[in-house]
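With the working numbering as the guide, the letters of the sequence shown map in order to residues 120 to 505. Glycine residues also receive a C-beta, built at the ideal position from the N, C-alpha and C atoms. This report concerns only the one structure given below.
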Amino acid sequence: MKVLAFVGTRADLFPLGPVLTALAADDAVDLHVATAIGFPEGTARARLLEAGLSEGGFTHHELGLYLETLSADSQTRTGAQLSAAMADLAGSLEPEAIVVLGDRWELLYVLPPFVLRGIRLIHLHGGEVTEGALDERVRHAVTKLADQHCVSTAGAARRVAQLGESADRIHQTGAPGLDRFADPVPLSAEEFEQEFGTALLQPLVLVTYHPPTAEMRGGAGELARQVFEESIKQAGTTILTYPGFDAGREEIIEVLDELQAEGIPGVIIRESLGPLYPRVMATVQALVGNSSSGILEAASFGVPVVNVGDRQRGREHGANVLHARDEREEIRASIEKVLTTPFRALSRDVVNPYGDSHAAELIEKVVVESPETGLSKTFVDLSVGD
120 MKVLAFVGTR ADLFPLGPVL TALAADDAVD LHVATAIGFP EGTARARLLE
170 AGLSEGGFTH HELGLYLETL SADSQTRTGA QLSAAMADLA GSLEPEAIVV
220 LGDRWELLYV LPPFVLRGIR LIHLHGGEVT EGALDERVRH AVTKLADQHC
270 VSTAGAARRV AQLGESADRI HQTGAPGLDR FADPVPLSAE EFEQEFGTAL
320 LQPLVLVTYH PPTAEMRGGA GELARQVFEE SIKQAGTTIL TYPGFDAGRE
370 EIIEVLDELQ AEGIPGVIIR ESLGPLYPRV MATVQALVGN SSSGILEAAS
420 FGVPVVNVGD RQRGREHGAN VLHARDEREE IRASIEKVLT TPFRALSRDV
470 VNPYGDSHAA ELIEKVVVES PETGLSKTFV DLSVGD
């Protein structure tokens, strides 16, 4: 069975990695992976191997079209090029299924060539809610295009059903990114210093702030600055990572560059943590920002989270997550609270609502069996009161 997966950014690749690895390991699957948008030229293959794929186990289609600066104009124009490239790939490859994850804007351009050709679409992480991000609209649009839905929670399954999808197409698999965290091992002080070039002084706080895309009309840099500064004040060691590929990204990177130039002791700035991420998560004492990792993944490590602003508004989460508005004083107070002994103890006992680290094998089964279900979909109306 010829299966194509699309990966737009490293952020998508992290949760997709276990699924790609499972598909590549199946002798009945001929796996192809297309990359674009979020990978500088010549870097994507190394990232795929880093994510767990092996040489010879897949065919890579590097489409390029790297977008360093994002705006509505650049996204629209590059999106049109991406759609044309995917149309060429769909015609030449003729896969039986395409696998995509989530909700990024480029999926609006990636998927039409496959839908028009009647190629089955398997969608991961549908049915979730992020009211403060443009992703919210894209996610639900992709749900209606998809043939099979691999959702992470019972709530997500219910929302996909609310969109009219039939129960036989909805599969509660859990979040595949959690498969990487089955046995997390913290970094020792020596390993930390060797990797980051600075001594580990607790509390270690990991901070990621993305542009809140739904209502954003500028100002992402200053919103990020207050999150970074308040985290640095209360942490012994702080790791700041780059934002995702959304409009406003450049403003946040400018702030990170300024902080880097200041040379503040104990502050580490990385584009991403790559394969080191699980071990860092097992070492940190708090996560701060508005990344989905705080909602989906931190509970698997028992890590307290300060979720800032509206980007993740409406998303299911564990009791380890404390919400704060985009206001400096509230951010400061929230960080203070999650670093207390009682809140850390509460977080250690949280059960992650997104699954138990065994999603990839379930998703692989859905992909392989997808041709057994027809392309005609019945819209299922909910009964009154459902």
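The three-state secondary structure of ILE388, taken from DSSP, is strand.
If you ignore the 5 residues before and after ARG299, its C-beta comes within less than 6 Å of the C-beta of PRO397, all in its own chain and listed in chain order.
Between VAL229 and GLY245, the CB-CB gap reaches or exceeds 8 Å. Residue state for ASP222 is assigned as coil, using DSSP reduced to three classes.
Here ALA209 is not near ARG239, since their CB atoms are 8 Å or more apart.
By the neighbour-count criterion, in which 16 or more other beta carbons inside 10 Å mark a residue as buried, GLY340 falls on the buried side. Listed in chain order, the alpha helix (DSSP H) runs fully inside the region 322-396 are 339-353, 368-381, counting runs of at least 4 residues.
Comparing alpha-carbon positions, the option among ASP266, TYR473, ALA418, GLN431 lying closest to VAL485 turns out to be ASP266. Taking 8 Å as the cut-off, the Cβ atoms of PRO134 and LEU226 do not count as close. In the DSSP assignment, ASN426 forms a beta bridge with GLY408, HIS442. Shortest Cα-Cα distance from THR492 to any of PHE364, ALA366, SER285, LEU306 involves SER285.
Looking from the CA of ASP365, the closest CA among GLY127, LEU123, MET120 belongs to GLY127. LEU323 sits buried, since 16 or more C-beta atoms from the chains shown fall within 10 Å of its C-beta.
Taking 8 Å as the cut-off, the Cβ atoms of LEU189 and LEU201 do not count as close. Taking a C-beta distance under 8 Å as the contact criterion, PRO295 and VAL152 do not qualify as a contact pair.
Around the beta carbon of GLN194, 16 or more other beta carbons sit within 10 angstroms, so the residue counts as buried. In the structure shown, ALA216 falls within a strand segment according to DSSP collapsed to helix, strand and coil. Collapsing the DSSP output to three states places ALA318 in coil. When the five nearest sequence neighbours on each side are left out, the beta carbons in the same chain lying within less than 7 Å of the beta carbon of GLU373 are those of GLY340, in order along the chain. PHE125 sits in a strand when the DSSP states are folded into three classes. Exclusion of the five residues before and after ARG368 leaves LEU189, PRO330, PRO362 as the residues of its chain whose Cβ lies within less than 7 Å of its Cβ.
Within the same chain, Cβ atoms closer than 7 Å to the Cβ of GLN281 are found at LEU501, the five residues on either side in sequence being excluded.
Out of LEU123, ILE414, ARG164, GLY198, the CA that lies nearest to the CA of SER211 is found in LEU123. Listed in chain order, the non-local C-beta contacts of GLU349 below 7 Å within the same chain comprise ARG447, ILE450, ARG451, ILE454, local neighbours out to five positions each way being set aside.
For a cut-off of 8 Å, the C-beta gap from LEU320 to GLU312 is around 10 Å, too long to register as a contact.
Within the region 269-310, the complete beta strand (DSSP E) segments at least 3 residues long are 289-291, listed from N- to C-terminus. Across the set GLY176, ALA203, THR402, ARG430, the C-alpha of ARG430 shows the shortest separation from the C-alpha of SER411.
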